[in-house]
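All remarks here apply to the structure that follows.
In the numbering used here, the protein residues as written are 317 to 595.
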């Protein structure tokens, strides 16, 4: 898991075959602005060399080699050391996210409801949510390698493994994600970023708020003020919602040490024990 503290964008002009010039930009990252700028210049030169040599860019250019460009808000140190075990960031649409190196989270969406499913539901004795929860519960009980906390989210379920660590890129993690039908995009993100992620605060549009203006890092007083205004509106609107709701625990283990710290932070910030609508 690596969350850079600094981001810098460098831009230069590139000459095309027809004589036109176009601006080409590249982001760099690091623990300080000097390292981030050096990284940006290095990546920019590689991009310019591709243009000069007329090589195509990969469809998802360096996605897996690039950390997420998110604002670092808080670090969580280990219970018995100063090592970082969790980092809270703000994602591209303004929500706070917990990044954890070993605390497993699963993101399981409810199946989409087509016409046939809606017709069949008229005669069913259980709801789609009840059936999905039963399937998830069965998969976790069958796995049996950890104690799992299950939460309800606005679009499905979240699972947290509390009593043992998991490797985000490990085969047992991948198998558990497959057996629980976890979101595939989330699974790939965990593997590429080498951490598990869980959203802590509501999605803004579910609270009646637009996405934040601009992108991180913001430059200039006007951009910073626009974001500050957005953040004020978002925090006011999101105060009426919870991000997830605790449902049940599968297994008999308990969180301790680092996992307990992260679970307490997660449960407090998501407001999972409060009777609020989910967003």
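We put the CB at the ideal spot given by N, CA and C, even for glycine.
Item, Value
"Excluding the 5 residues preceding and the 5 following residue 394 in the sequence, name in chain order all residues of the same chain whose CB lies nearer than 6 Å to its CB.", "401 and 574"
"Leaving aside the five residues before and after residue 470 along the sequence, list all residues of the same chain whose C-beta is less than 7 Å from its C-beta, in chain order.", "522, 594 and 595"
"Indicate whether residue 423 and residue 498 have their beta-carbon atoms separated by less than 7 Å.", "yes"
"Which residues does DSSP pair with residue 594 in a beta bridge?", "558"
"Under 6 Å Cβ to Cβ from residue 587, same chain only, skipping five residues before and after it: list those, please.", "558"
"Of the residues 464, 494, 493 and 408, which one's Cα is nearest the Cα of residue 480?", "464"
"Indicate the three-state DSSP secondary structure (helix, strand or coil) for residue 403 in the structure shown.", "strand"
"Check whether the stretch 565-585 touches the stretch 538-555, counting contact only when three or more Cβ pairs, one atom from each stretch, lie closer than 8 Å.", "no"
"Would you give the residue range spanned by the alpha helix (DSSP H) that residue 354 belongs to?", "349-368"
"Identify every residue that forms a DSSP beta bridge with residue 421.", "476"
"Where does residue 379 sit, in a helix, a strand or coil, going by DSSP?", "Note that residue 379 scores 44 on pLDDT, short of 50, meaning its location in the model is unreliable and no value can be drawn from it."
"Residues in its own chain within less than 7 Å of residue 524 by CB, not counting five upstream and five downstream?", "553"
"Between the Cα of residue 360 and the Cα atoms of 343, 457 and 322, which residue gives the shortest distance?", "343"
"Indicate whether residue 341 and residue 351 have their beta-carbon atoms separated by less than 7 Å.", "no"
"What span of residues does the beta strand (DSSP E) with residue 388 cover, start to end?", "387-393"
"Is there a Cβ from chain B that is less than 7 Å from the Cβ of residue 515?", "Of the protein chains in the structure, only one exists, and it is not chain B."
"The beta strand (DSSP E) spanning residue 341 covers which residue range?", "337-346"
"Within 8 Å, do at least three Cβ pairs link the stretch 503-514 to the stretch 404-422?", "yes"
"Please determine, among 568, 492, 458 and 547, the residue with the shortest C-alpha to C-alpha distance to residue 409.", "547"
"Below 6 Å CB to CB, which residues in the same chain sit around residue 420 once its five sequence neighbours on both sides are set aside?", "477, 482 and 512"
"Residues in its own chain within less than 8 Å of residue 321 by CB, not counting five upstream and five downstream?", "346, 347, 348 and 388"
"With DSSP collapsed to three states, give me the class of residue 553.", "helix"
"Could you have a look at residue 563 and say whether DSSP puts it in helix, strand or coil?", "strand"
"If I measure Cβ to Cβ from residue 338 and keep anything under 8 Å in the same chain, skipping five residues before and after, which residues do I get?", "329, 330 and 332"
"What are the complete beta strand (DSSP E) segments, minimum 3 residues, inside the stretch 512-544?", "512-515"
"Specify, as a first and last residue, the run of the alpha helix (DSSP H) that residue 470 falls within.", "Residue 470 -> no alpha helix (DSSP H), and no H or E assigned at all."
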